[in-house]
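Peer 1: Residue numbers for the sequence shown follow my numbering, so the first one is 46 and each next one is one higher. Glycine included, C-beta positions come from ideal geometry on N, C-alpha and C. Quantities reported herein were computed from a predicted structural model and do not represent experimental measurements. One structure coming up, written as structure tokens, with questions to follow.
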Amino acid sequence: MATSTVPRWKTAITNALAEHEKATAPVPHVRSHIFREFITPKSKPSLPLFLTTTDIRTPKTAQIISNPHVQVAWWIEGTQEQFRISGTASAIPAPTNSLYRQFLHNVKHAVPNSALATLKDENFDWEAKRRESFKNMSAHMKASWCRPTPGSPLEGGEEEAKKWPVRLEEPAEDADEEAQKNWKTALDNFALLVVDPTDVDYVELGVIPNRRTRFWRTSDGSWDSEAIVP
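Written out as structure tokens, the structure reads:
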């Protein structure tokens with residue numbers, strides 16, 4: 046039946062736009078990270094996973110859970126090469142941490158033929174890798190995970206900061222209670238951060254003429270590429 050009133054689809058659009066205006070747009074955040082290594086599935090060497098580490102208490106964890114799409118900007122001065130690596134990120138805390146459920150969700154719903162999905166099929170031991178990575182850290186770096194939550198107010202000022210552990214060695218079985226506690230605290234706060242690449246923009250500025258290549262992951266887990274203008 047014909048009607049002269051405002052059409053329902055127009056009302057729906059108006060309401061949707063109004064709700065969109067109320068929504069808070071996500072704000073991009075930049076972090077400096079140290080590249081640790083690549084984790085590559087044995088069955089699919091075409092799927093390297095980018096590995097770094099973090100403190101599970103940092104704001105970046107919630108930001109990544111809210112929006113896992115990230116981009117790594119990497120400039121290598123010695124070779125004059127630039128990489129921009131786009132992909133999805135996952136934080137991997139201790140299994141006892143409540144946020145570990147989010148990682149299990151990411152693994153369960155990983156895109157087929159992605160590194161995360163393939164490592165799941167290979168029964169990769171993420172907790173063993175987390176502990177191995179932690180033990181490979183320097184004693185000074187390990188101690189940083191004993192500090193209060195990164196980004197929180199510095200209660201007590203610099204004098205309080207002087208009380209923080211400076212070095213952290215793995216305690217012996219007969220170590221005192223404080224050493225045992227500090228080790229557990231640091232290990233509990235330590236998390237892996239992985240990026241599963243989907244697109245790479247690679248620029249070579251050390252050659253003349255400069256070269257630029259774009260790579261993108263296909264649905265079967267291989268990579269296509271094309272030369273583009275630098």
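Residues in the same chain with beta-carbon distance under 6 Å from alanine 139, minus the five sequence neighbours each way, listed in chain order, please.
Peer 2: Once the five neighbours on either side are set aside, the close Cβ partners of alanine 139 are Asp233.
Peer 1: Is the beta carbon of threonine 85 less than 9 Å from the beta carbon of threonine 243?
Peer 2: Not closer than 9 Å, so no.
Peer 1: Taking the alpha helix (DSSP H) that phenylalanine 179 falls in, what are its first and last residues?
Peer 2: From DSSP, the alpha helix (DSSP H) with phenylalanine 179 extends over 171-180.
Peer 1: In chain order, which continuous runs of the alpha helix (DSSP H) of length 4 or greater are located wholly inside the region 195-245?
Peer 2: The region 195-245 contains these whole alpha helix (DSSP H) runs: 202-206 and 222-234.
Peer 1: Going straight from the alpha carbon of proline 104 to that of isoleucine 253, what length do you get?
Peer 2: When rounded, the distance between both Cα atoms is 42 Å.
Peer 1: Within this structure, are the beta carbons of tryptophan 190 and alanine 231 separated by less than 9 Å?
Peer 2: It is a contact, given that the beta carbons lie within the stated cut-off.
Peer 1: Is the region 91-104 touching the region 198-208 in the sense that three or more CB pairs, one from each, lie closer than 8 Å?
Peer 2: Because the criterion of three Cβ pairs below 8 Å is not met, the region 198-208 and the region 91-104 do not touch.
Peer 1: What would DSSP say about aspartate 269, mapped onto helix, strand or coil?
Peer 2: Three-state result, aspartate 269: strand.
Peer 1: State the Cα-Cα distance for the pair isoleucine 79 and serine 264, rounded to the nearest angstrom.
Peer 2: Rounded to whole angstroms, isoleucine 79 to serine 264 spans 29 Å at the Cα level.
Peer 1: Going by DSSP, what residue range makes up the alpha helix (DSSP H) through phenylalanine 148?
Peer 2: 145-153 is the span of the alpha helix (DSSP H), which, as asked, contains phenylalanine 148.
Peer 1: Thinking just about the alpha-carbon of each residue, which of Thr163, Thr141 and Thr99 is nearest to the one in aspartate 241?
Peer 2: Aspartate 241 has its Cα closest to that of Thr163, out of Thr163, Thr141 and Thr99.
Peer 1: Is it buried or exposed, proline 227, if we count other Cβ atoms within 10 angstroms and call 16 or more buried?
Peer 2: Correcting the residue type first, residue 227 is asparagine in the shown sequence and not proline. Classification of asparagine 227: buried, given that the 10 Å Cβ count is 16 or more.
Peer 1: Between the Cα of valine 126 and those of Ser143, Tyr247 and Trp268, spot the shortest distance and give me the residue it belongs to.
Peer 2: Checking the sequence shown, residue 126 turns out to be glutamate, not valine. The residue with the shortest Cα to Cα distance from glutamate 126 is Tyr247.
Peer 1: What three-state label does DSSP hand glutamine 125 in the structure shown?
Peer 2: In the structure shown, glutamine 125 sits in coil (DSSP, three-state: anything other than H, G, I, E or B).
Peer 1: Expressed to the nearest angstrom, what Euclidean distance is found between the alpha-carbon atoms of lysine 207 and threonine 98?
Peer 2: Each residue's Cα considered, the two are about 25 Å apart.
Peer 1: Report yes if the C-beta distance between tryptophan 119 and isoleucine 137 is below 9 Å; otherwise report no.
Peer 2: For tryptophan 119 and isoleucine 137, no; Cβs fall outside 9 Å.
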